[in-house]
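Below is one structure, written out as structure tokens; the observations come after it.
Numbering (my numbering), first residue to last: 1 to 231.
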């Protein structure tokens with residue numbers, strides 16, 4: 001009887017360990033991509049519209065950052081340089097019928113770079129474009145060549161990186177929010193935000209732990225009842 005109880009106790013402990021390990025949260029996915037920002041109130045704010053949709057006003061500052069980041073949105077890496085429009089566009093005179101939009105490009109660091117590529121130094125520019133020009137046209141004016149993939153995701157600015165596009169370094173979907181002009185609002189309405197709530201199947205581990213704990217308790221109760229019955 002004692003041997004049976006020891007066996008049951010070991011089985012219960014092993015099952016509990018397996019369930020707890022299975023319930024550990026998955027490591028957050030990372031992606032290598034360009035994120036889109038705007039300068040507002042002294043800091044960088046994630047741009048809620050993609051460059052194919054957003055039409056910047058005269059005097060705006062737009063920023064782009066290439067980095068390994070979570071799946072888009074507010075948690076992406078921000079551009080390093082500040083967005084001082086007066087300083088960035090000081091050498092570009094205003095013109096009738098055109099607007100000036102400053103652009104900050106941050107190519108990230110060595111840890112963000114694809115294999116065998118070296119990120120260029122950050123740079124800034126001031127685009128003088130027609131008043132109706134969108135952010136995609138602004139970027140194409142100051143930082144060619146641009147490269148897009150077949151789904152309209154912006155892959156390269158000023159030719160960087162040479163290859164790749166939104167590589168997945170973790171375990172979820174690719175980033176969104178940087179659509180080409182031909183794709184309208186772009187993937188996920190070009191917001192770059194993750195869908196609200198948990199991903200499909202996220203409740204699975206929690207349910208598994210609950211069921212497992214119930215099984216553990218049932219086995220333990222049964223073993224105790226058998227022990228008392230045979231005394």
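We put the beta carbon where it would ideally sit given N, CA and C, even for glycine.
Since the model is a prediction, treat every value here as computed from it, not as a measurement.
Item: Per-residue burial, residue 40 [other beta carbons within 10 Å of its own, 16 or more giving buried]; Value: exposed
Item: For residue 52 and residue 45, the rounded distance between their alpha carbons; Value: 18 Å
Item: Limits of the unbroken alpha helix (DSSP H) element including residue 137; Value: 135-142
Item: Contact under 9 Å by Cβ, residue 160 with residue 107; Value: yes
Item: According to DSSP, residues forming a beta bridge with residue 63; Value: 37 and 104
Item: Contact under 9 Å by Cβ, residue 104 with residue 120; Value: no
Item: Nonlocal neighbours in the same chain, by C-beta distance under 7 Å from residue 137, ignoring five residues either side; Value: 129
Item: Residue 154 (DSSP reduced to helix, strand or coil); Value: strand
Item: Rounded C-alpha distance that separates residue 153 from residue 86; Value: 31 Å
Item: Bridge-paired residues (DSSP) for residue 168; Value: 31
Item: Close beta carbons around residue 101, own chain, < 7 Å, minus the five adjacent residues each side; Value: 56, 60, 62, 127, 129 and 138
Item: Euclidean distance between Cα positions of residue 124 and residue 134; Value: 18 Å
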